[in-house]
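Colleague: In my numbering, each number is its position in the sequence shown, counted from 1, plus 577.
For every residue, glycine included, the Cβ atom is placed at its ideal position computed from N, Cα and C.
The structure is given below, and queries will be raised subsequently.
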Amino acid sequence: MKKQITILLTIIVLGCIFAGCGNQSAENDVNNQKVKERVVQDISGTDVKIPLAKDIKRVVIVAPPITSVVIKLIPEQNMIVGLNEKAFIQSNDDIMEKVFPKYKNIDTKFVGEDFSINKESLLALKPDIILYYGEAQKKNLENIGVPIINFFSPKLTDPKDVTIAWENLLCEIFETEKDNLLSDEWKNSEKLSKGLLPKSDAEAVKGLWVFRNVKGKLMVAGKSSFDAYAESYFEKAGIINVANEIQGTAEVNMEQIQAWNPDMIFVFQGVPAGAYLKNNIEGQDWSMIKAFQEKKIYDIPKTTYSWAAPCMDSPLMPLWLGSKAYPEKFTNEDFIKELKGYYMRVYNISLTDQDIKSILDLSENK
Numbered sequence: 578m579k580k581q582i583t584i585l586l587t588i589i590v591l592g593c594i595f596a597g598c599g600n601q602s603a604e605n606d607v608n609n610q611k612v613k614e615r616v617v618q619d620i621s622g623t624d625v626k627i628p629l630a631k632d633i634k635r636v637v638i639v640a641p642p643i644t645s646v647v648i649k650l651i652p653e654q655n656m657i658v659g660l661n662e663k664a665f666i667q668s669n670d671d672i673m674e675k676v677f678p679k680y681k682n683i684d685t686k687f688v689g690e691d692f693s694i695n696k697e698s699l700l701a702l703k704p705d706i707i708l709y710y711g712e713a714q715k716k717n718l719e720n721i722g723v724p725i726i727n728f729f730s731p732k733l734t735d736p737k738d739v740t741i742a743w744e745n746l747l748c749e750i751f752e753t754e755k756d757n758l759l760s761d762e763w764k765n766s767e768k769l770s771k772g773l774l775p776k777s778d779a780e781a782v783k784g785l786w787v788f789r790n791v792k793g794k795l796m797v798a799g800k801s802s803f804d805a806y807a808e809s810y811f812e813k814a815g816i817i818n819v820a821n822e823i824q825g826t827a828e829v830n831m832e833q834i835q836a837w838n839p840d841m842i843f844v845f846q847g848v849p850a851g852a853y854l855k856n857n858i859e860g861q862d863w864s865m866i867k868a869f870q871e872k873k874i875y876d877i878p879k880t881t882y883s884w885a886a887p888c889m890d891s892p893l894m895p896l897w898l899g900s901k902a903y904p905e906k907f908t909n910e911d912f913i914k915e916l917k918g919y920y921m922r923v924y925n926i927s928l929t930d931q932d933i934k935s936i937l938d939l940s941e942n943k
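What follows is the structure in structure tokens.
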């Protein structure tokens, strides 16, 4: 009997020991999981806990503009499992095929045209992180158990600052070497643009940036805008923004545009430049505008995204604007040379004459 009791006590003691070890092991597992997390500060200044780079295998991008930067800086493009379809609407198919060949195979069904999120479809993609832009997109992503990283700050209204901030954050997220690619390209762009700047405002070209023209609603871009970067781009190219009295973007009528009478017009969204030049937009008469009379109305080029917004090719935008505003200083041929050089340096892609035509044809008024 005593022997049986002794054996029983031994079993109990050993059980407690092993149970203690098991609990300690479980605690260690939890601690290890905590160690595997790290904190990054997103563009809005919010601290976000995310996995180590080696544990980030699946990425979803809700914000269209940053897609062009992500596809360049992400370690492997096949890590992208979800995209916003709007990223494709504002891009050039021919160039996307070269830079991101499998982009049409990426799931887009989880996000609606109004940025509404189908959470079931989103979670089915099993994302490790989600990249978004601003509070309007965030409200649809909270409390889903996946780290969400904001790429928007209202303090950043210069596309140079925006794109460099994106590059820095993406390098931190994916723990890739920071090679200052965009910083260097912006330096090159600004060096070339300096030679285009007029000596005085009297010599400067006056430009208008049409942000959107849809169903008779004509919106233009003024200054200090984080949804239209006209003022910054114009300033870099030595162009005066005739709408600089407007904060952000605003709807205007034709009488106001006639009063401004811009030398050149640059079109972002909605009715294309060709319709302005034919003067066949219902309810709008452009014939009295100097830009119409001199056939200087242009669609803004698109590559991996529209150059109207911050994107991987943003350093090219001031040079393109300069080639239109001051062709005697920087010709179309000069710009094409820079465009080809940029794509070789940044993407290791040799653009063909057909590629150049695809990029610039919309902006050429021949």
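How long is the line joining the alpha carbons of residue 630 and residue 648, rounded to whole angstroms?
Modeller: In the sequence shown, the residue the question calls residue 630 occupies position 53. In the sequence shown, the residue the question calls residue 648 occupies position 71. Going by the C-alpha atoms only, they are around 16 Å apart.
Colleague: Using DSSP with H/G/I as helix, E/B as strand and the rest coil, what is residue 747?
Modeller: The residue you call residue 747 lines up with position 170 of the sequence shown. DSSP places residue 747 in helix when its eight states are reduced to three.
Colleague: Of the residues 823, 814, 862, 855, which one's Cα is nearest the Cα of residue 832?
Modeller: By one-based count along the sequence shown, residue 832 stands at place 255. Of 823, 814, 862, 855, the residue nearest in Cα terms is 862.
Colleague: Check whether the segment 857-873 touches the segment 882-890, counting contact only when three or more Cβ pairs, one atom from each stretch, lie closer than 8 Å.
Modeller: They do not touch, by the three-pair rule.
Colleague: Name the residue from 766, 835, 814, 758 whose alpha carbon lies nearest to the alpha carbon of residue 776.
Modeller: Here residue 776 corresponds to residue number 199 of the sequence shown, with the count starting at 1. Checked all of 766, 835, 814, 758; the closest Cα to residue 776 is 814.
Colleague: Run through DSSP, which three-state label would residue 891 get?
Modeller: For the purposes of this step, residue 891 is identified with residue 314 of the sequence shown, where counting begins at 1. In the structure shown, residue 891 sits in a helix (DSSP, three-state: H, G or I).
Colleague: Just to confirm before moving on: does the CB-CB distance between residue 816 and residue 798 stay below 9 Å?
Modeller: The residue you call residue 816 lines up with position 239 of the sequence shown. The residue you call residue 798 lines up with position 221 of the sequence shown. Contact flag unset, no.
Colleague: At which residues does the alpha helix (DSSP H) containing residue 920 begin and terminate?
Modeller: Within the sequence shown, residue 920 is the residue found at index 343, counting from 1. Per DSSP, residue 920 belongs to the alpha helix (DSSP H) from 909-924.
Colleague: Straight-line CA distance for residue 716 to residue 779?
Modeller: Here residue 716 corresponds to residue number 139 of the sequence shown, with the count starting at 1. Here residue 779 corresponds to residue number 202 of the sequence shown, with the count starting at 1. Looking at the two C-alpha atoms, the distance is approximately 47 Å.
Colleague: Only counting runs of 4 or more residues, tell me where the alpha helix (DSSP H) segments fall wholly within the segment 823-900, in order along the chain.
Modeller: 831-837, 850-855, 867-870, all fully within the segment 823-900.
Colleague: Determine the closest residue to residue 885 out of 735, 773, 915, 750, with distance taken between C-alpha atoms.
Modeller: The count along the sequence shown starts at 1 and reaches residue 885 at position 308. For residue 885, the nearest C-alpha among the options comes from 735.
Colleague: Could you tell me whether the Cβ atoms of residue 638 and residue 724 are closer together than 9 Å?
Modeller: For the purposes of this step, residue 638 is identified with residue 61 of the sequence shown, where counting begins at 1. For the purposes of this step, residue 724 is identified with residue 147 of the sequence shown, where counting begins at 1. No, they are not a contact pair.
Colleague: With contact counted as at least three CB pairs below 8 Å, one residue from each stretch, are the segment 662-680 and the segment 870-882 in contact?
Modeller: A contact exists between the segment 662-680 and the segment 870-882.
Colleague: Going by DSSP, what residues sit across from residue 789 in a beta bridge?
Modeller: Residue mapping note: residue 789 aligns to position 212 of the sequence shown, counting from 1. Paired residue(s): 796, 846.
Colleague: What are the start and end residues of the alpha helix (DSSP H) that includes residue 934?
Modeller: Locating residue 934 in the sequence shown gives position 357, counting from the first residue. 930-937 is the extent of the alpha helix (DSSP H) around residue 934.
Colleague: Checking 9 Å against the spacing of the C-beta atoms, do residue 868 and residue 785 come in under that value?
Modeller: In the sequence shown, counting from the first residue as 1, residue 868 sits at position 291. In the sequence shown, counting from the first residue as 1, residue 785 sits at position 208. The answer is yes: Cβ separation under 9 Å.
Colleague: Of the residues 741, 772, 754, 774, which one's Cα is nearest the Cα of residue 760?
Modeller: Mapped onto the sequence shown, residue 760 falls at position 183. Per the Cα distances, 741.
Colleague: Classify residue 666 as helix, strand or coil using the three-state DSSP reduction.
Modeller: Within the sequence shown, numbered from 1, the residue matching residue 666 stands at position 89. Helix, per DSSP.
Colleague: My output table needs one value for residue 620: the three-state DSSP class, helix, strand or coil.
Modeller: What you label residue 620 is simply residue 43 of the sequence shown in a count that begins at 1. Residue 620: coil per DSSP, three-state reduction.
Colleague: Restricting to Cα atoms, I'd like to know which of 771, 614, 710 is closest to residue 644.
Modeller: Working through the sequence shown from its first residue, we reach residue 644 at position 67. Residue 644 has its Cα closest to that of 710, out of 771, 614, 710.
Colleague: Between the C-alpha atoms of residue 634 and residue 705, what's the straight-line distance to the nearest angstrom?
Modeller: Taking the first residue of the sequence shown as position 1, residue 634 is located at position 57. Taking the first residue of the sequence shown as position 1, residue 705 is located at position 128. Spanning the two alpha carbons is a distance of roughly 7 Å.
Colleague: Grab the span of the alpha helix (DSSP H) containing residue 647 for me, first residue to last.
Modeller: Position 70 of the sequence shown holds residue 647. Run containing residue 647: 644-650, per the alpha helix (DSSP H) assignment.
Colleague: Straight-line CA distance for residue 756 to residue 652?
Modeller: Locating residue 756 in the sequence shown gives position 179, counting from the first residue. Locating residue 652 in the sequence shown gives position 75, counting from the first residue. Distance between the alpha carbons of residue 756 and residue 652 is about 14 Å.
Colleague: My understanding is that residue 773 touches residue 686, with C-beta atoms under 8 Å, so please give their C-beta distance in whole angstroms.
Modeller: Translated into the one-based positions of the sequence shown, residue 773 becomes position 196. Translated into the one-based positions of the sequence shown, residue 686 becomes position 109. So it is not a contact: roughly 45 Å between Cβ atoms.
Colleague: Run through the segment 679-715 for me and flag every whole beta strand (DSSP E) of 3 or more residues, listed as ranges in chain order.
Modeller: Listed in chain order, the complete beta strand (DSSP E) runs (minimum 3 residues) inside the segment 679-715 are 706-709.
Colleague: Using the Cβ count rule (16 or more neighbours within 10 Å means buried), how would you classify residue 666?
Modeller: The count along the sequence shown starts at 1 and reaches residue 666 at position 89. By the 10 Å Cβ count, residue 666 comes out exposed.
Colleague: With DSSP as the reference, identify every bridge partner of residue 660, one or two as the case may be.
Modeller: Residue numbering aside, residue 660 sits at position 83 when the sequence shown is read from its first letter. 638, per the DSSP bridge assignment.
Colleague: Which stretch, first to last residue, makes up the alpha helix (DSSP H) that contains residue 765?
Modeller: Counting from one through the sequence shown, the residue named residue 765 turns up at place 188. It spans 758-771 - the alpha helix (DSSP H) in which residue 765 sits, taken as one unbroken run.
Colleague: Rounded to whole angstroms, what is the Cα-Cα separation between residue 928 and residue 696?
Modeller: Stepping through the sequence shown from its first residue, residue 928 is reached at position 351. Stepping through the sequence shown from its first residue, residue 696 is reached at position 119. Going by the C-alpha atoms only, they are around 40 Å apart.
Colleague: Helix, strand or coil: which one does DSSP assign to residue 614?
Modeller: Here residue 614 is taken as the residue at index 37 of the sequence shown, counted from 1. The answer is strand: DSSP assigns residue 614 an E or B state.
Colleague: Quick one: what does DSSP say residue 724 is sitting in, helix, strand or coil?
Modeller: The residue you call residue 724 lines up with position 147 of the sequence shown. Residue 724: coil per DSSP, three-state reduction.
Colleague: Taking the alpha carbon of residue 789 as the point to measure from, which residue in 894, 925, 825, 764 has its own alpha carbon closest?
Modeller: Within the sequence shown, the letter at position 212 stands for residue 789. When each option's Cα is compared against that of residue 789, the closest is 825.
Colleague: Can the beta-carbon of residue 688 be found closer than 9 Å to that of residue 661?
Modeller: Taking the first residue of the sequence shown as 1, we reach residue 688 at position 111. Taking the first residue of the sequence shown as 1, we reach residue 661 at position 84. A contact, by the Cβ cut-off of 9 Å.
Colleague: So is residue 731 buried or exposed if we call it buried at 16+ other beta carbons inside 10 Å?
Modeller: Walking along the sequence shown from the start, residue 731 turns up at place 154. It counts as exposed.
Colleague: Going by Cα to Cα distance, which pick from 896, 841, 646 is closest to residue 769?
Modeller: Taking the first residue of the sequence shown as position 1, residue 769 is located at position 192. Ranking the options by Cα distance to residue 769, first place goes to 896.
Colleague: Output needed for residue 874: all residues of its chain with C-beta closer than 6 Å, excluding positions within five of it in sequence on either side, in chain order.
Modeller: In the sequence shown, counting from the first residue as 1, residue 874 sits at position 297. Excluding sequence neighbours, residue 874 sits near 842, 850, 853, 854, 868.
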